[in-house]
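Everything on this sheet refers to the single structure shown next.
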Amino acid sequence: MSEHAVETVAIDLTINGRELAAEVEPRLLLSDFIRHHAGLTGTHVGCEHGVCGACTVLVDGTPQRSCLVFAVQADGAEIRTVEGLAAPEEPLHPVQQAFHEEHGMQCGFCTSGFLMTTVALLEETPHPSDEQLVDAISGNLCRCTGYRNIVRAVRSAERKLADAAEAPEGGAAAAPTPVGGAVARPEAADA
Amino acid sequence: MKPASFEYRAPEQLDELLELLADDFLDARVIAGGQSLVPMMNFRLSAPELLLDLRRVEQLGSLDVRPDGSLAVGATVTQARLLAWLEADGRWPVLAEGIRHIGHPQIRSRGTVCGSLCHHDPTAELPALALALGATMHVAGAAGRRAVAAADFSVSYYEVALEPGELLTEVVFPAWPAARGWGFRELARRRGDFALAGAVATVDRDPSGSAAAAVGLVLFGVGDRPVRIEAAERALAGRALDAAALEEVRALVPAQIDPVDDLHASAEHRREVAAELAAGALADAWERSSADV
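Those protein sequences? They're chains F and V, same order as listed. Number 411 marks the last residue of the first sequence (this note's numbering); no jumps. Number 375 marks the last residue of the second sequence (this note's numbering); no jumps.
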């Protein structure tokens, strides 16, 4: 397969609202395109065969494993990655804030995948049942096995998003807790 | 863990795609969702020279109910799209329940119905559902089109009755009678894992409502392909599916299947699990069925 030069393919796609045009080899995985071509290294690559969920991004609004998509297949797609949740220096996205407050991470490797999966879940189903919640995150592995706090973080994110939807623009309910601030944990008693 | 090089085409016309697929000098593979193919390519278990993407062929994305009440699902319809449609429609509830057992949301939002049927993993839900519901596979090739019954489409492990150069363009599920009862049971070691075994059951009651006019039972994960348990279907037809009838099924199923030992379970364990799942799915189907109206 050496001298045989493979044709590259021109693609246009949008990542976090930014339009990108590139010439890529067909075999380039979307996960690698996001990391190496778009320079967005918040999307992590774990198993590269669709088991761990660390590379989950939103493709046209649905959660997908970017290691199981070729970049050429994403031509014309709208991609959202963890970097698209909140700009640097801006307050965290409510889902990020919830994972922060509830300590929904340990080493952090799986976190961007969990965040994107959670964003997709709560956008589609603002108040998931326990069954729906567990089903939604079942495709993301946390090898630190910190699942209890992750589930708590999803529930906390659910409340934050619901409050933000109810509160008027800029209202107190939408204001995120400052990093390091004291946080009420109403469900800590069930631990 | 990077795939070998390949060429990529995403034609807009089905004819053009079939022509490329029929080229004997090219090792071409079709890709739609790629949720089974891409892992195999990442491992280099599969290294096609040409990947033909179906995504631009508009007609392959159709999902509709035909005048005869059947449900036609095109080659690029994802499992998530069909599931959302089924949940809104309410018919074919057993299909919806089966799809909920496929992998994880990330898989279902890209994986296609027809892709799973063609990949034909013996533990997969959709081939079993297609068999249980008597689906018809519509196949197109450069030489023409043909229709294949689900029972004939399943051949063996990861093998279906597609000839080189052929494409599964759509699967058609027959109309769903409103009074039909259904059951879907599956056992996996963890949520979303490949099934150890699973069962799909349907019950159509007779007009009196006190007995089953027709019973369907298909098991999967217990052999090289989903298998219809005709002995159980015959034994139950014309009867009420009471405790005694279900006990007969439990006793009868183990001899009707030929599961293998593997890392996850012994053949003996699979026989026991399959018998229990069969009885459970049949009980659900009986419970959910009503007298034909």
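Beta carbons: idealized from backbone N, C-alpha and C, even for Gly.
Query, Result
"Three-state class that DSSP yields for F:T413 in the structure shown", "A query on residue 413 of chain F cannot be resolved here, the shown segment of chain F reaching from 221 to 411 and no further."
"F:T345 versus F:A387, F:A377, F:V279, residue with shortest Cα-Cα distance", "F:A377"
"Contact check, F:C275 vs F:G333, beta carbons under 8 Å", "yes"
"Within chain V, partners of F:V226 - CB distance below 8 Å", "S87, F88, E89"
"Coil, strand or helix - V:W264 by DSSP", "strand"
"Start and end residues, alpha helix (DSSP H) containing V:L108", "V:L108 -> no alpha helix (DSSP H), and no H or E assigned at all."
"Beta-carbon separation (whole angstroms), V:Y90 vs F:V292, contact threshold 8 Å", "5 Å"
"Test: F:P348 CB closer than 8 Å to a CB of chain V", "no"
"Cβ shell of V:D340 (< 6 Å), same chain only, five flanking positions each side left out", "G305"
"Neighbour flag for V:V120 against chain F, beta carbons, 8 Å", "yes"
"Beta-bridge partners of V:V112, as assigned by DSSP", "V:L134"
"Reduced DSSP secondary structure (H/G/I, E/B, other) of F:V403", "Reliability of the predicted coordinates at F:V403 is poor, the pLDDT of 45 falling under 50, and the value obtained from them is presented with this limitation in mind. Residue state, collapsed to three classes: coil."
"Closer than 8 Å at the beta carbon, the chain F residues around V:L133", "P246, F290"
"F:P398 versus F:Q316: straight-line alpha-carbon distance, rounded", "Residue confidence for F:P398 is low, a pLDDT of 47 falling below 50, so the modelled location carries little weight and cannot support an answer."
"Whole-angstrom C-beta distance between V:L328 and V:A317, which should lie under 8 Å", "Rounded, the Cβ-Cβ distance is 11 Å, inconsistent with contact."
"V:A293 and V:G320 closer than 8 Å at C-beta", "yes"
"Short-range partners of chain F found in the region 182-214 of chain V, where Cβ spacing is below 8 Å", "R182, G185, H186, P187, Q188, I189, S191, R192"
"Buried versus exposed, by CB contacts within 10 Å (16 or more), V:E169", "exposed"
"Any C-beta of chain F under 8 Å from that of V:G280", "no"
"Beta carbon of F:L381 nearer than 8 Å to that of F:L342", "yes"
"V:A363 and V:A281 closer than 8 Å at C-beta", "yes"
"Spatial neighbours of F:L414 in its chain, beta-carbon cut-off 7 Å, leaving aside the 5 residues before and after", "The question about residue 414 of chain F has no answer here: the residues shown for chain F are numbered 221 through 411."
"Selection from F:S286, F:H347, F:Q326, F:D350 that minimises the alpha carbon distance to V:G116", "F:S286"
"Residue closest to V:V331, alpha-carbon to alpha-carbon, out of V:V309, V:G303, V:A361", "V:A361"
"Contact check, F:A373 vs F:F319, beta carbons under 8 Å", "yes"
"Beta-bridge partners of F:E322, as assigned by DSSP", "Per DSSP, none; premise fails for F:E322."
"Rounded C-alpha distance that separates F:P356 from F:A230", "Correcting the residue type first, residue 356 of chain F is Ala in the shown sequence and not Pro. Roughly 34 Å between the two C-alpha positions."
"Interfacial residues, the region 272-291 of chain F to chain C, with Cβ spacing under 8 Å", "In the structure shown, chain C does not exist; the protein chains are F and V."
"Contact the region 91-106 of chain V vs the region 257-275 of chain F: 3+ CB pairs below 8 Å", "no"
"Short Cβ contact (8 Å threshold) for V:L142 with V:A162", "no"
"Where V:M219 sits in the DSSP three-state scheme", "strand"
"Below-8 Å beta-carbon distance, V:D274 vs any chain F residue", "The sequence as given places Gly at residue 274 of chain V; Asp does not occur at that position. Answer yes: the Cβ-Cβ gap between V:G274 and chain F drops below 8 Å somewhere."
"Contact belief for F:P314 with F:A384 at Cβ below 8 Å, rounded distance in angstroms", "6 Å"
"Whole-angstrom C-beta distance between V:L250 and V:A233, which should lie under 8 Å", "The Cβ separation is near 15 Å, so there is no contact."
"Simplified DSSP state of F:I290, which is helix, strand or coil", "First, the residue type needs correcting, since residue 290 of chain F is Phe and not Ile in the sequence shown. DSSP places F:F290 in strand when its eight states are reduced to three."
"Exposed unless 16 or more other CB atoms sit within 10 angstroms - verdict on V:F88", "buried"
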